[in-house]
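Listed below in structure tokens is the structure:
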């Protein structure tokens, strides 16, 4: 495997999401032109967002938040720290999520998402009680990951996607069999 170890701080450009304050102001939610507003609760443990976000951000609040196009890798930084998703739709993102905006080298988003997910799993094992209570930008900047050549990243990302799809298919079949057994 040709590639190199890279640190997030040097090789990935990222930022936190944002939302106008005060958080509970009704003007910031819903209405004409409202768009999905991604929060921690909207990030699944399957590298995806939920189909419909819990909240929609109003047209008025959109200029005070961070827009994220479909296909962007995000990771939760509070609550359930370390859940990763590749956004399936355009949205705006809360400050409790980290957004990967650009990379120094050509990077496959799916490979990157799996790598980040694994990195957080490793960090959780190191943390007291297996829980990361908080994560700072400095800590994120020091995270090192191995980044193979792009072609290999794409193959690895594709392999894991196929594996996830196969697992999901078998899980649905199992759930259906359990349901039939009940009936």
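Residue numbers (this note's numbering): 11 to 193.
C-beta atoms are modelled at their ideal positions from N, C-alpha and C, and glycine is treated no differently.
The structure presented is a predicted model; accordingly, all values stated were derived computationally and were not measured.
Outcome for residue 96 when other beta-carbon atoms lying within 10 angstroms are tallied against a minimum of 16: buried
DSSP beta-bridge partners of residue 86: 107
Contiguous alpha helix (DSSP H) assignments of at least 4 residues, all confined to the region 27-91: 69-72
Coil, strand or helix - residue 23 by DSSP: Strand at residue 23.
Simplified DSSP state of residue 100, which is helix, strand or coil: coil
Other residues of its chain near residue 107: CB distance less than 8 Å, five sequence neighbours each side excluded: 26, 27, 48, 49, 50, 53, 84, 85, 86, 87
Any 3 or more C-beta pairs closer than 8 Å across the region 161-171 and the region 110-121: yes
Near the ligand GDP: residue 97 beta-carbon under 8 Å from a heavy atom: This structure lacks the ligand GDP, and indeed carries no ligand of any kind.
C-alpha distance - residue 77 paired with residue 181, whole-angstrom precision: 34 Å
Assigned exposure category for residue 149 - 16 Cβ within 10 Å defines buried: With fewer than 16 Cβ atoms within 10 Å of its Cβ, residue 149 is classed as exposed.
Cβ-Cβ separation, residue 112 to residue 45 (assumed contact under 8 Å), whole Å: Not quite, the Cβ-Cβ distance comes to about 22 Å (not below 8 Å), so this is no contact.
Supposed contact pair residue 75 and residue 67 - C-beta distance, whole angstroms, cut 8 Å: 6 Å
Outcome for residue 124 when other beta-carbon atoms lying within 10 angstroms are tallied against a minimum of 16: buried
Which listed residue (23, 29, 131, 137) has its alpha carbon closest to that of residue 102: Comparing alpha-carbon positions, the option among 23, 29, 131, 137 lying closest to residue 102 turns out to be 29.
Beta bridge counterpart(s) of residue 113 as assigned by DSSP: 22
Helix, strand or coil at residue 137 according to DSSP, with G and I counted as helix: Correct three-state label for residue 137: coil.
Option nearest residue 38 by Cα separation, candidates 71, 146, 63, 81: 71
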